[in-house]
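J.:
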Amino acid sequence: MAFIFSDLVVFPVLRINAKYYGWKMSLFILFLLFTALVGTSLVLHYTFDLFSMLPDPSQVKIQDSDYFKIDYTFFLNMAFLAITGYLIYLGFFKKKDIESKMSEMAPKSPL
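If you're matching positions, the sequence shown starts at 8 in the working numbering and goes up one per residue.
(1) Between the segment 35-47 and the segment 15-24, do at least 3 Cβ pairs fall closer than 8 Å?
(2) Measure the alpha-carbon distance for residue 46 versus residue 52 and round it to whole angstroms.
(3) How would you write the range of the alpha helix (DSSP H) that residue 53 sits in, first residue to last?
(4) The alpha helix (DSSP H) spanning residue 85 covers which residue range?
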């Protein structure tokens, strides 16, 4: 998910950069990001190839997999879903209590 998220973030960031620095600089940043992506992937591929760490495609076998099964991961997902729901509840409904306590400003310094 992080790779998908990072790819989706690039274009809004480029638009914001274009707003402040112009499209020329924004396209330059896009070129740098793309060049770094391609360069890094080539370096990784050939480094793995140099040390014979690339998987052999002839040994790959397609296996049946269970997409949904009830095991410990199901219960962990449910627990974290409950925690997430509770934190969202605190953020939306209990936020007003926290804001009212923090709204008082500190006394100004006599200096």
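Glycine residues also receive a C-beta, built at the ideal position from the N, C-alpha and C atoms.
T.: Reading it off the structure:
(1) yes
(2) If you take the alpha carbons of residue 46 and residue 52, they lie about 10 Å apart.
(3) 30-57
(4) Annotation: the continuous alpha helix (DSSP H) that includes residue 85 extends over 79-100.
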